[in-house]
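A.B. asks: First residue of the first sequence? That's 2 in my numbering, and the numbers climb one at a time after it.
Got a structure for you, questions after.
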Amino acid sequence: MDFSSKNISFDKDSYQQEWIEIQDNLKKKVVLEDDFTWKISPQGSCLDQAGNVESLQYIGGVDVSFVKEDPSLACGALVVLNAYTLNVVHEEFEVVRLKVPYVPGFLAFREAPIILGILDKMKQKAHPFYPQLLMVDGNGILHPKGFGLACHLGVLSNIPAIGIGKNLHHVDGLTRSGVMQFLQGGESMAKDVIPLVGKSGQTWGAAVLSTPDSLKPIYISPGHRISIDSSIRVVKLCCKFRVPEPIRQADIRSRIFLQKFKGSENLII
DNA sequence: GCGACAG
DNA sequence: ATCTTGTCGC
C-alpha cells in the first residue's frame, strides 16, 4: 500500500485533474458573439415602437472580498447598477467559508459558487433587478485555457458576461511589458484600445486605458454571449474611474460588508 | 531548469 | 486577494 501523498493530498495539485476536465466541458458551451436582445445605447434608455424598453437596463457587478485575519472567510457581492446613471439599484451579499485554495488559472472554482448562489436566489424570486449582463472581477477568455471566471459564471448562469482583469494573466506570449510598449510606442494617435493578439495570432481581448488620464490599462475579455467589441463598448460606458463602476462598487461594498460582519456577533460561520 | 501565474 | 498613511493635483 502507498500511504504517501500520492493518494491523500489536499494541496493544489489534487484538485487540478478534476478542474481541468470541468473547464474543458464547460468551455464547449461558451458563446463569443453577441447573444442578447437589448441594445447598448450610450444616450440612455430607449423604447421601441410599442413603448417597451429596448436598451440595456441593469448591469450586475460581482466580486469576492477577504480579510487578512481569516483568509478562508469570504464575502461575495452582486451589485446591480442602472446602466446609464451608474447608480446602484440593488445589492446582495453572501458570507461563506472557502474550502479550496486559489490556484492560478482556476479562480472560478473558488469564487464562482458564491456568486452563482446569489444569482440563483434572485432568479427564484423573479427579482426585478436580476442583471441582464455581468461584469466580473477576473478574466473571460483571456485565460490559459480560454475559460476564465467570467466564462465560468456566464455559462453556468446563462447571463452575458464580461471579464475585467486589473492585471494581465500572461497567456500566448502576451506580457505586461509588451502591452506597455505598445501603449507608448504608438504615435500621437489616441490609442486607448490595444488588441491583445498572442503569438499564435489569436485575439484574446483588449488592453484598454479606460479613462482619459489613466496610465495603467484594464484587460477586457468576453466571458459569454458577447463579442470583444461589444464588451469594450459596454465597459467604456461604465468607467467613471479606471475600474468600471459595477466592479468597483461590488469591490467597495463587499469589503465594507465583510468588515461589519466580522466585527459583529456572527463569528460562528 | 527557471520564471510566470486573474483574484 | 489583504493592509495603510500620506500626499499630489484639480
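The beta carbon of each residue, even a glycine, is placed where N, CA and C say it ideally should be.
(1) Is the stretch 13-20 touching the stretch 132-152 in the sense that three or more CB pairs, one from each, lie closer than 8 angstroms?
(2) Identify which residue in 170, 167, 151 and 169 has its Cα closest to the Cα of residue 161.
(3) With DSSP run on the structure shown, which of helix, strand or coil describes residue 9?
(4) So does the stretch 101-118 actually touch the stretch 31-45, counting three or more Cβ pairs closer than 8 angstroms?
(5) Can you list, in chain order, the stretches of the beta strand (DSSP E) that have 3 or more residues and sit fully within the stretch 69-108?
(6) Buried or exposed: which applies to residue 182, given that a residue is buried once 16 or more other Cβ atoms fall within 10 Å of its Cβ?
(7) Between 63, 169, 133 and 116, which lies nearest to residue 145 when the distance is taken from Cα to Cα?
(8) DSSP three-state label for residue 40, please.
(9) Buried or exposed: where does residue 24 fall if 16 or more other Cβ atoms within 10 Å of its Cβ makes it buried?
(10) According to DSSP, which residues form a beta bridge with residue 213?
(11) Helix, strand or coil: how does DSSP classify residue 115 here?
(12) Could you say which of 252, 77, 240 and 127 lies nearest to residue 86 if we only look at CA atoms?
(13) Where does residue 211 land, buried or exposed, given buried means 16+ other C-beta within 10 angstroms?
(14) Taking the alpha helix (DSSP H) that residue 31 belongs to, which residues open and close that run?
(15) Below 7 angstroms CB to CB, which residues in the same chain sit around residue 198 once its five sequence neighbours on both sides are set aside?
(16) From residue 4 to residue 264, what does the alpha carbon distance come to, in whole angstroms?
(17) How many angstroms separate the CA atom of residue 175 from the CA atom of residue 209?
(18) With three or more beta-carbon pairs closer than 8 angstroms as the criterion, would you say the stretch 60-70 touches the stretch 223-231?
(19) Grab me the residues of residue 273's own chain with a C-beta within less than 8 angstroms of its C-beta, minus the 5 sequence neighbours each way, in chain order.
(20) Considering only the alpha carbon of each residue, which of 119, 92, 97 and 77 lies closest to residue 83?
(21) Determine the burial state of residue 127: buried for a count of at least 16 other Cβ atoms within 10 Å of its Cβ, exposed for fewer.
C.D. replies: This is what the structure gives:
(1) Taking a contact to require three or more Cβ pairs closer than 8 angstroms, the stretch 132-152 and the stretch 13-20 do not qualify as touching.
(2) Position 160 of the first sequence holds residue 161. It is 151.
(3) Here residue 9 refers to the residue found at position 8 when the first sequence is read from its first residue. Residue placement at residue 9 is flagged as unreliable, the pLDDT there being 38, under the threshold of 50; the coordinate-derived value follows with that caveat. The answer is coil: DSSP assigns residue 9 none of H, G, I, E or B.
(4) no
(5) 74-83 and 89-98
(6) Within the first sequence, the letter at position 181 stands for residue 182. It is exposed - the Cβ of residue 182 has fewer than 16 other Cβ atoms within 10 Å.
(7) As a working note, residue 145 is residue 144 in the first sequence. That would be 169, whose Cα lies nearest to the Cα of residue 145.
(8) As a first step, residue 40 must be located in the first sequence, where it is residue number 39. Reduced to three states, the DSSP call for residue 40 is strand.
(9) Start at 1 with the first residue of the first sequence, and residue 24 comes out as number 23. So residue 24 counts as buried.
(10) For the purposes of this step, residue 213 is taken as the residue at position 212 of the first sequence. Looking at the DSSP assignment, residue 213 forms no beta bridge with any residue, so it has no partner.
(11) Numbered from 1 along the first sequence, position 114 holds the residue referred to as residue 115. Here residue 115 sits in helix by DSSP.
(12) Locating residue 86 in the first sequence gives position 85, where the first residue counts as 1. Comparing Cα positions, the closest option is 240.
(13) Residue 211 sits at position 210 when you count from the first residue of the first sequence. Label assigned to residue 211: buried.
(14) Working through the first sequence from its first residue, we reach residue 31 at position 30. Segment: none, residue 31 is in no alpha helix (DSSP H) and carries neither H nor E.
(15) In the first sequence, residue 198 corresponds to position 197, counting from 1. Contacts found: 204.
(16) In the first sequence, residue 4 corresponds to position 3, counting from 1. In the first sequence, residue 264 corresponds to position 263, counting from 1. Low local confidence applies: a pLDDT of 35 at residue 4 is under 50, so the model's placement there is unreliable, with the coordinate-based value given in what follows. Cα to Cα, residue 4 sits roughly 42 angstroms from residue 264.
(17) Locating residue 175 in the first sequence gives position 174, counting from the first residue. Locating residue 209 in the first sequence gives position 208, counting from the first residue. Approximately 15 angstroms, taken between the alpha carbons.
(18) no
(19) Absent from the model: residue 273. The displayed extent of the chain is 2 to 270, so no value can be given.
(20) For the purposes of this step, residue 83 is taken as the residue at position 82 of the first sequence. Nearest C-alpha to residue 83 among 119, 92, 97 and 77: 92.
(21) Stepping through the first sequence from its first residue, residue 127 is reached at position 126. Looking at its Cβ environment, which holds fewer than 16 other Cβ atoms inside 10 Å, residue 127 is exposed.
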